[in-house]
Amino acid sequence: MTRIITHFAIVLFCFFLFSLQTISQSAQMSSGCDQVPDNFNKSSSYQSNIETVLSTLRDRSAHGSYANATAGLSPNTVYGMFLCRGDISRASCSNCVHSATLSIFSEFSSSGSPKVSNQTLSGKINELIPRACFSSPIPYFVEDQEHVTQVESSYDLKAIVQCSPDLDPRNCTACLRLAAQFLYDGCGLASLELAQIYYPKCLVNYKISASQSLRVING
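Those letters in the sequence shown? Residues -24 to -1, 1 to 195, per mature numbering (1 follows the signal peptide of the UniProt record, and there is no 0), in order.
What follows is the structure, given as structure tokens:
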């Protein structure tokens, strides 16, 4: 009988979101917004492992935009990773990682009221995914912005997709498509000004800035 062992992973995406999440040992990708279960026994060993991983990530942030770290033995193993946006400096990346690791248990929240066409958004993200995976000047990172004019509204749409550099193009594509599908299915896009989906190895992000008061547009 196969025994399922649960570990804990810290995933940092700067400048966006830091989180502490639970993933199974066999999981390749999962959401980056989960919370630690309330009934988890935060033993001194577990806490020590968290501190070790966070300290290691802070140290490694001075040397690059991506790093990972592991501390402890099962069942208190802690995995950590940070991935900075490809368009920020090393100093900004390091500052972000330092800030995030010092505030790791803070809650992430976002809100917004403008509306965006689902069809326009999905088309933009689907366009960016192959560019990020196969033809991006900055490996595995693409951002794009455009002004969208429709009969009932107009707005500026900015979208970003990014993968961890240790993925090959095929797995980068798979990760981004899973994140995008979660975005389409679970976020109620027409009512959000900002949405950010974080998996341990990739992210999908969009933001709209309204040119005028917008109505709901279901595309």
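Each residue gets a CB set at the ideal place from its N, CA and C atoms; glycine is no exception.
Here His74 carries a helix assignment [DSSP, helix/strand/coil]. Of the other Cβ atoms in all chains shown, fewer than 16 fall within 10 Å of the Cβ of Gly40; this residue is therefore exposed. Around Ala45, the same chain offers Val29, Thr32, Leu33, Gly56 as residues with beta carbons nearer than 6 angstroms, after the five sequence neighbours per side are excluded. Take His123, set aside five residues on each side of it, and the residues of its chain with a beta-carbon closer than 6 angstroms to its own are Asp132, in chain order. Taking a contact as a CB-CB distance under 8 angstroms, the pair Tyr175 and Leu97 does not count as one, their CB atoms being some 18 angstroms apart.
Between Val54 and Gly62, the gap from beta carbon to beta carbon reaches 8 angstroms or more. Between Cys178 and Leu159, the C-beta spacing is not below 8 angstroms.
Burial state of Ile114 is exposed, judged by a 10 Å Cβ sphere holding fewer than 16 other Cβ atoms. Per DSSP, Thr53 lies in no beta strand (DSSP E) segment and is marked neither H nor E. Shown here, Ala38 sits in coil according to DSSP, grouped into three states, outside any helix or strand.
One alpha carbon belongs to Gln138, the other to Glu103, and they sit about 13 angstroms apart. As a beta-bridge residue in DSSP terms, Gln172 pairs with Asn181. Counting C-beta atoms within 10 angstroms of its own C-beta, Gln23 has fewer than 16 neighbours from the protein chains shown and is therefore classed as exposed. A distance below 8 angstroms separates the beta carbons of Ser37 and Phe58.
The closest CA to that of Val180, considering only Leu143, Asn71, Ile105, Asp35, is found on Ile105. Around Cys69, the same chain offers Cys(-11), Ser37, Ser41, Cys60 as residues with beta carbons nearer than 7 angstroms, after the five sequence neighbours per side are excluded.
Contact between Pro145 and Phe110 is confirmed by a C-beta separation of about 6 angstroms, below the 8 angstroms threshold. In the same chain as Ala156, and ignoring 5 residues on each side of it, the C-beta atoms closer than 6 angstroms to its own belong to Ile101, Val180, in chain order.
Counting of Cβ neighbours within 10 angstroms places Ser112 among the buried residues, the total reaching 16 or more. The bridge partners DSSP lists for Ala156 come to none.
In this structure, Ala171 is the residue among Ala171, Asn25, Glu27, Ser65 with its C-alpha nearest to the C-alpha of Ala135. With 16 or more other Cβ atoms inside 10 Å of its own Cβ, Leu154 counts as buried.
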